[in-house]
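Below is one structure; the comments refer to it alone.
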Amino acid sequence: MRRVLSPDEVGNTAARFGEVIGHVTISETIRVGSEDYEILIEIPHENYVKSPIRVGDFIGIVTLTGYVVLGRITEIRRSHAAGVSGRTPIFNVPMDYTGLETPAVVLIEPLTECPIKDYEANNCDPSPVHSPIDPLSVAFRPSGDTIARLLALPSDGIIVGQLYSGGRAMDVDVKVPVHTLYEHVLIVGTTGSGKTTLLKNLALALINQVRESTVIALDLQGDYLHLVLPPDRDVKPRLFNPLSEVTIVVPITRAYLEEYNGRIRSFADEYVRVRTGDDEATLMDVNNPNLFGEAVAYALLREFVERSYGDARVSDVKPCFEVDGNNVRVRSINAAISVDNTSFRLNLVPGPCPSLTSIGNCRGYSNI
2 MRRVLSPDEV
12 GNTAARFGEV
22 IGHVTISETI
32 RVGSEDYEIL
42 IEIPHENYVK
52 SPIRVGDFIG
62 IVTLTGYVVL
72 GRITEIRRSH
82 AAGVSGRTPI
92 FNVPMDYTGL
102 ETPAVVLIEP
112 LTECPIKDYE
122 ANNCDPSPVH
132 SPIDPLSVAF
142 RPSGDTIARL
152 LALPSDGIIV
162 GQLYSGGRAM
172 DVDVKVPVHT
182 LYEHVLIVGT
192 TGSGKTTLLK
202 NLALALINQV
212 RESTVIALDL
222 QGDYLHLVLP
232 PDRDVKPRLF
242 NPLSEVTIVV
252 PITRAYLEEY
262 NGRIRSFADE
272 YVRVRTGDDE
282 ATLMDVNNPN
292 LFGEAVAYAL
302 LREFVERSYG
312 DARVSDVKPC
322 FEVDGNNVRV
332 RSINAAISVD
342 NTSFRLNLVP
352 GPCPSLTSIG
362 NCRGYSNI
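342 is the number that this note's numbering gives to position 341 of the sequence shown; each next residue is one higher, with no gaps.
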């Protein structure tokens, strides 16, 4: 025969799992069904004031039959004492706020359950709620550890964020086991639901937490260029630090050169004038392949930085290029970038393109 826990056992158990805030109501029939439920929790007014609740918050329940249940608030009901007593005046309603010192009643959506003995033995395998929830079962505000265990969140892995419920982030880390990242992962969500943010957090988490990890992003929209910058708003707590160095491969296609030809030439001319001290010199006047390579590398870097990071400062430019006679191939450009009080190293790698072998129109250089 199933043993029913005593009130002291239920209360003491709930206190170990979190902050006791109320009990399952005795004024309504409690229903737990596969498709329907009616689980009402009464929270005394002093607890309601001391520990505010919101729709979406998690609530735990210790049942009289020996289960710990995790649920989520879907509805909050408040009544005035005059309404409860049935003496609500039709006219001239008194502004009597003391009448609000009534219990808050919340409707709970059941999520998972686990036998108490298994939970306390660290052998909990949460399942959907099938057990009865009796009136006078004790309700508590669950700790982060209790929420994580009853949601079966992974305890090991890289942190990608924090659990979000009740309109706010909770002190519950959400982790992805590293071994799952050796498999295909599909992230699905509507527009604006946070798919890209999740992937960016995943990239930062891998780099911060997994030794010698390399993240490669095929970034057609430029979403990942800002991994080197802090969030555009103050996020507390900040889980991840921005990258201190990033390598970006930019495909230099004919369409790219046609679109940005004027800007590239302008930056290259600027570099040549500074290096030669001639205010009228242009890239077309350069006969030295090394100077030509430096100017083109600088121009490609400046064009990309201004288009991607806006009003950024470029310094300590270190171009890498090959000179073969009058032909120059830019391999990469490394530089320090400063923007929005943040500095990072950028390693820009121009992608392969037939017209990239050399740029210009002197001594056989290909045209932009």
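Ideal Cβ placement from N, Cα and C applies to all residues, glycine included.
**Q.** VAL50 burial status per 10 Å Cβ neighbour count (16 or more: buried)
**A.** exposed
Q: Classify GLY263 as helix, strand or coil using the three-state DSSP reduction.
A: helix
Q: Reducing DSSP to helix, strand and coil, say where ILE159 ends up.
A: strand
Q.
Beta-carbon within less than 6 Å of GLY12's beta-carbon, same chain only, minus the 5 sequence neighbours each way: which residues are those?
A. VAL139
Q) What are the uninterrupted segments assigned as alpha helix (DSSP H) that are 4 or more residues long and contained completely in the stretch 208-293, given in chain order? A) 255-277
Q: Just the C-alpha distance for ASN335 and GLU295, rounded to the nearest angstrom, thanks.
A: 12 Å
Q. Under a three-way DSSP split, which group does ASP146 fall into?
A. helix
Q: Note down the Cα distance separating ASN242 from HIS180, rounded to an integer number of angstroms.
A: 23 Å
**Q.** Helix, strand or coil at ASN13 according to DSSP, with G and I counted as helix
**A.** helix
Q.
By the DSSP assignment, the alpha helix (DSSP H) with ASP119 in it spans what residues?
A. 117-121
(Q) Assuming the contact rule is C-beta atoms closer than 8 Å, PHE322 and TYR299 should be a hit. Round their C-beta distance to whole Å, please. (A) Rounded, the Cβ-Cβ distance is 11 Å, inconsistent with contact.
Q: Using 10 angstroms around the beta-carbon of ILE360, count the other beta-carbons present and answer buried if the total reaches 16, otherwise exposed.
A: Note that ILE360 scores a pLDDT of 41, beneath 50, so its modelled location is shaky; the value from the coordinates is reported in the next line. Buried, by the Cβ-count rule.
Q) Is the Cβ-Cβ distance between LEU65 and LEU151 less than 8 Å? A) no
**Q.** Backbone secondary structure at VAL69 - three-state DSSP
**A.** strand
Q.
So, with DSSP's three-state summary, where would you put VAL112?
A. Note that residue 112 is Leu in the sequence shown, not Val. Residue state, collapsed to three classes: strand.
Q) If you compare alpha carbons, which of SER309, GLU259, GLU304 and ASN328 is closest to LEU292? A) ASN328
Q | Sufficient close CB pairs (3 or more, under 8 Å) joining the stretch 105-121 to the stretch 24-41 | A | yes
**Q.** Three-state secondary structure (DSSP) of ALA137
**A.** Checking the sequence, you will find Leu at residue 137 rather than Ala. Three-state DSSP puts LEU137 in coil, outside helix and strand.
Q. With respect to the beta strand (DSSP E) encompassing VAL50, which residues constitute its N-terminal and C-terminal limits?
A. Where VAL50 is concerned, there is no enclosing beta strand (DSSP E), although the alpha helix (DSSP H) it sits in stretches over 46-51.
Q. Which whole runs of the alpha helix (DSSP H) in the stretch 288-353 are 4 residues long or more, in chain order?
A. 290-310
Q | Touching by the beta-carbon criterion (3+ pairs, under 8 Å), the stretch 160-172 and the stretch 119-130 | A | no
Q: In angstroms with no decimal places, state the Cα-to-Cα distance between ILE44 and ILE54.
A: 10 Å
**Q.** Residue nearest to LYS201 in terms of C-alpha spacing, selected from LEU244, GLY67, PRO178 and ILE42
**A.** LEU244
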